[in-house]
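Just below is one structure, and these are the notes that go with it.
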Amino acid sequence: MSESQVYRRKVTVKAEQGLHIRPCTAVAQLAMKYQSRVKLSKDNATPVDAKSILDLMTLAAGPNTELDLEVDGPDAAEALEHLAALFESDFVVQTSPAASP
Amino acid sequence: MKLCDFVVADAILPELAASTKEAAIRAMVASLKDAGSIQPEDEDGIIGAILKREELGSTGIGNGVAVPHTKHASVNKLIATVALAGGGVDFNSLDGEPVYILFLLVSPPDKPGDHLRALESISRHLRNQNFCKFLRQSKTKEAVLDLLQEADNNEI
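Sequence order for the protein chains is A and B. Each residue of the first sequence is one higher than the one before, starting from 1 at the first, in my numbering. Each residue of the second sequence is one higher than the one before, starting from 102 at the first, in my numbering.
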């Protein structure tokens with residue numbers, strides 16, 4: 001059994017309109033690709049499950065809000081980097097999605 | 102922000118029977134028009150804007166819930182309606198399942214903060230399984246409104 005390390009990083013919501021449904025969907029869909037647990041929190045409040053769009057919507061994170069990203073699991077390092085990159089890119093999905101609606 | 106601050110009571114549709122996503126959206130926008138919350142001349146523009154937003158990605162976010170929405174200059178404060186579709190509507194949802202609870206929002210373009218706060222309010226309650234269960238059991242406008250008020254008062 002391998003030990004998994006908890007990875008943390010601060011990410012900033014750059015989107016002009018904040019973390020609305022489209023960015024929430026992008027974050028959740030990316031987070032779901034990883035086995036690791038992925039959590040986001042704002043202002044030291046209880047972290048939410050980043051694989052849940054509804055949970056992410058409860059953050060009501062406006063533009064320039066800093067969030068704490070926490071990833072824990074076997075692929076945590078990769079998950080952290082890709083999720084941080086997603087925030088950095090203003091939620092532009094990096095890889096071409098398979099058949100997005 | 103409380104649900105009752107922005108959900109238009111008269112526009113609530115407790116028994117939506119729509120065979121398609123577009124029909125569901127049209128019915129909900131028509132309901133807002135009938136309630137006097139949007140002008141008849143803006144109805145088609147709002148429907149078009151909501152459908153266009155859906156093309157960017159379905160707002161059927163999973164777990165039987167959809168949150169179709171748009172910004173539109175014709176409204177000066179955020180308004181919404183709730184529809185319950187007992188038979189389910191195919192919303193091309195992210196989890197492939199039909200939707201049974203729909204919150205449709207129309208917000209002014211210059212108030213993104215209000216939009217986020219409304220989404221926060223909606224999502225906070227929809228995470229509550231009891232809220233969803235009771236909502237889907239509501240058969241009248243009044244029952245839905247009572248439930249929204251109870252949710253706002255943290256009674257669920």
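Note that beta-carbon positions come from the ideal geometry of N, C-alpha and C, so glycine has one too.
DSSP state of A:ILE21 mapped onto helix, strand, coil: Looking at A:ILE21 - three-state DSSP - the assignment turns out to be helix.
Member of A:GLU78, A:ASP68 and A:ALA60 whose CA lies at the smallest distance from the CA of A:SER41: Minimum Cα distance to A:SER41 is reached at A:ASP68.
Residue interval of the beta strand (DSSP E) (run including B:PHE170): Strictly speaking, residue 170 of chain B in this sequence is His, with Phe absent from that position. Taken as a continuous stretch (DSSP letters only), the beta strand (DSSP E) holding B:HIS170 covers 170 to 172.
Completely contained beta strand (DSSP E) runs for the stretch 185 to 255 of chain B, where each covers 3 or more residues: 200 to 208, all fully within the stretch 185 to 255 of chain B.
Residues of the stretch 17 to 41 of chain A whose Cβ lies closer than 7 angstroms to any Cβ of chain B, in chain order: Taking 7 angstroms as the Cβ-Cβ cut-off against chain B, the residues of the stretch 17 to 41 of chain A that qualify are GLN17, GLY18, HIS20, ILE21, ARG22 and THR25.
Chain A residues whose Cβ lies nearer than 7 angstroms to that of B:SER224: Contact note: B:SER224 reaches chain A through LEU54, MET57 and THR58, using a C-beta cutoff of 7 angstroms and chain order.
Contact under 9 angstroms by Cβ, B:ALA136 with B:LEU246: No.
Chain-ordered chain A contacts of B:HIS216 [CB-CB under 9 angstroms]: Per Cβ cutoff of 9 angstroms: GLN17, GLY18 and HIS20.
Under 8 angstroms by beta carbon: chain B residues contacting A:GLY62: Neighbours of A:GLY62 in chain B, taken as residues at a C-beta separation under 8 angstroms, are given in chain order as PRO213, GLY214 and LEU217.
Close-in-space but distant-in-sequence residues of the same chain around B:MET102 (CB under 8 angstroms, 5 per side omitted): Setting aside the 5 residues that flank it on each side, B:MET102 is surrounded in the same chain by ASP215, ARG218, ALA219, GLU221 and SER222, each with a C-beta closer than 8 angstroms to its C-beta; the list follows chain order.
Residue-level contact to chain A via CB, B:VAL109, 9 angstroms cutoff: Look at B:VAL109: its C-beta is not under 9 angstroms from any C-beta on chain A.
Simplified DSSP assignment, three categories, for B:ILE139: It is coil, neither helix nor strand.
B:PRO213 and A:GLU66 closer than 9 angstroms at C-beta: Cβ atoms of B:PRO213 and A:GLU66: not closer than 9 angstroms.
Supposed contact pair B:GLY158 and A:THR25 - C-beta distance, whole angstroms, cut 8 angstroms: Sure, about 6 angstroms apart at Cβ, within 8 angstroms.
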